[in-house]
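Read the structure below first, then the notes.
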Amino acid sequence: MPTAATWYFSYAPHDLAAACWAALAGLFIGSFLNVIIYRLPEMMRRSNDNYVAEEQGLPPPHATRYDLLLPRSHCPGCGATLSIRHNIPLLSFVFLRGRCAGCGNPISLRYPLVELLAAGLSAILIWHFGSGVRGMSALLLMYFLLAMAWIDAETGLLPDSLTLPLIWGGLLVNLNGLIVPLRDAVLGALAGYLMLWLVFQLYRLAAGKEGMGYGDFKLLAALGAWLGWSMLPVILLLASISGLMVGIALQLSGKRRAGAMLPFGPFLAAGGLFSLFYGPLIWQIYLRWMLPA
Numbered sequence: 003m004p005t006a007a008t009w010y011f012s013y014a015p016h017d018l019a020a021a022c023w024a025a026l027a028g029l030f031i032g033s034f035l036n037v038i039i040y041r042l043p044e045m046m047r048r049s050n051d052n053y054v055a056e057e058q059g060l061p062p063p064h065a066t067r068y069d070l071l072l073p074r075s076h077c078p079g080c081g082a083t084l085s086i087r088h089n090i091p092l093l094s095f096v097f098l099r100g101r102c103a104g105c106g107n108p109i110s111l112r113y114p115l116v117e118l119l120a121a122g123l124s125a126i127l128i129w130h131f132g133s134g135v136r137g138m139s140a141l142l143l144m145y146f147l148l149a150m151a152w153i154d155a156e157t158g159l160l161p162d163s164l165t166l167p168l169i170w171g172g173l174l175v176n177l178n179g180l181i182v183p184l185r186d187a188v189l190g191a192l193a194g195y196l197m198l199w200l201v202f203q204l205y206r207l208a209a210g211k212e213g214m215g216y217g218d219f220k221l222l223a224a225l226g227a228w229l230g231w232s233m234l235p236v237i238l239l240l241a242s243i244s245g246l247m248v249g250i251a252l253q254l255s256g257k258r259r260a261g262a263m264l265p266f267g268p269f270l271a272a273g274g275l276f277s278l279f280y281g282p283l284i285w286q287i288y289l290r291w292m293l294p295a
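Mapping of the sequence shown onto our numbering: position 5 corresponds to residue 7, and the numbering continues sequentially without gaps.
If you want it as structure tokens, here you go:
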């Protein structure tokens, strides 16, 4: 069985109180993830605009500070700055009935959904893996995956500022073999990148166009660094099946035209998160089926 099985079978006893605290913390972290999801692509766009202007000898079009801290949270419709009572995770959305207090424009459902997902997954991970180093590491991985999946779904981008730290984070977490041996983590990062890079090159040769972005390579490399090389086939299988099912459903419903690209990052993230829980069990079932006693 892959060495990641020790990660799965060595979690702490279930702790309801810790899971509840994790859910509460997850609501607030989910609120910050919403800031990352909304602002990071815009920060990238502004940085690119300023770079192009600088290369052309023009003044930067975006001179004011814009990052994850400033300006303060505001309505994208009317620009009104949100007060503290209008910025409480989940509760503000309920009290405001999903509309801006200033202009009445609908608030995107992404905000409560991300907060609920972060809270629910935080509770599940801490319940499953405990509140020690394993649990905290699992939370960190999940928060990165949640942010990247949503950014890719909305914009088709997987920012280097998220994928690259996640690769290094996986290698550091496994420095002493917390999830998998460091050797498996290094091979996982290398194999994860090369597997999708090879698929990318073959598809470009066959179809004459690109089928995915380099961010997908880096995301799978990050998952390999966290979960080891042995989990990569499981992650790719889950991502491919789920992506195919969603693509067919969207096409049948008329929400996606034939041949239109579908971001692969959300499915890789979902496959990685599922493998965090059940990847070793899938391998165990596979090995028992292939090598019966």
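We put the CB at the ideal spot given by N, CA and C, even for glycine.
For residue i, which residues from the same chain have a beta carbon less than 8 Å from its beta carbon, with the 5 sequence-adjacent residues on both sides left out?
{"i": "MET197", "result": "LEU222, LEU234 and LEU238"}
{"i": "GLU56", "result": "PRO62"}
Classify residue i: buried if its beta carbon has 16 or more other beta carbons within 10 angstroms, exposed otherwise.
{"i": "TRP170", "result": "exposed"}
{"i": "GLY59", "result": "exposed"}
{"i": "LEU278", "result": "buried"}
{"i": "PHE97", "result": "exposed"}
{"i": "ILE287", "result": "exposed"}
{"i": "ALA117", "result": "In the sequence as displayed, the identity of residue 117 is Glu instead of Ala. GLU117 comes out buried."}
{"i": "TRP291", "result": "exposed"}
{"i": "SER232", "result": "buried"}
{"i": "ILE243", "result": "exposed"}
{"i": "SER255", "result": "exposed"}
{"i": "ALA121", "result": "buried"}
{"i": "LEU207", "result": "exposed"}
{"i": "PRO114", "result": "buried"}
{"i": "PRO78", "result": "exposed"}
{"i": "LEU143", "result": "buried"}
With a Cβ-Cβ cutoff of 8 Å, do residue i and residue j count as a contact?
{"i": "ASN176", "j": "ALA187", "result": "yes"}
{"i": "ALA125", "j": "ALA21", "result": "yes"}
{"i": "LEU35", "j": "ALA149", "result": "yes"}
{"i": "GLY245", "j": "PHE269", "result": "yes"}
{"i": "ALA193", "j": "LEU173", "result": "no"}
{"i": "GLY28", "j": "LEU159", "result": "no"}
{"i": "MET46", "j": "PRO161", "result": "yes"}
{"i": "ILE86", "j": "PHE95", "result": "no"}
{"i": "LEU289", "j": "SER163", "result": "no"}
{"i": "GLY249", "j": "ARG258", "result": "yes"}
{"i": "ASN107", "j": "ARG99", "result": "no"}
In its own chain, which residues sit with a C-beta less than 6 Å from the C-beta of residue i, not counting the 5 before and 5 after it?
{"i": "ILE284", "result": "VAL236"}
{"i": "LYS220", "result": "THR165"}
{"i": "GLY273", "result": "ILE237, LEU240 and ALA241"}
{"i": "TRP152", "result": "ILE39"}
{"i": "TYR205", "result": "GLY213"}
{"i": "THR157", "result": "PRO43"}
If residue i and residue j are in contact, beta carbons under 8 Å, what's the gap, nearest whole angstrom?
{"i": "SER75", "j": "ASN89", "result": "6 Å"}
{"i": "GLY281", "j": "LEU229", "result": "6 Å"}
{"i": "ILE31", "j": "TYR145", "result": "6 Å"}
{"i": "ALA251", "j": "LEU147", "result": "About 22 Å separates the two Cβ atoms, so there is no contact after all."}
Ignore the nearest five residues each way along the sequence and tell me which others in residue i's own chain have a CB closer than 7 Å to its CB.
{"i": "ARG48", "result": "HIS64 and TYR68"}
{"i": "LEU168", "result": "PHE146 and ALA224"}
{"i": "ALA19", "result": "none"}
Just tell me which of the options has its CA closest to the CA of residue i.
{"i": "ILE181", "options": "ARG206, GLY226, TYR145 and GLY100", "result": "GLY226"}
{"i": "LEU119", "options": "ALA25, LEU254, ILE109 and PRO108", "result": "ALA25"}
{"i": "LEU189", "options": "ILE86, ALA224 and ASN107", "result": "ALA224"}
{"i": "CYS80", "options": "ARG87, GLY104 and THR66", "result": "GLY104"}
{"i": "HIS16", "options": "SER33, GLY137 and ARG185", "result": "GLY137"}
{"i": "LEU72", "options": "GLU44, ASP154 and LEU92", "result": "GLU44"}
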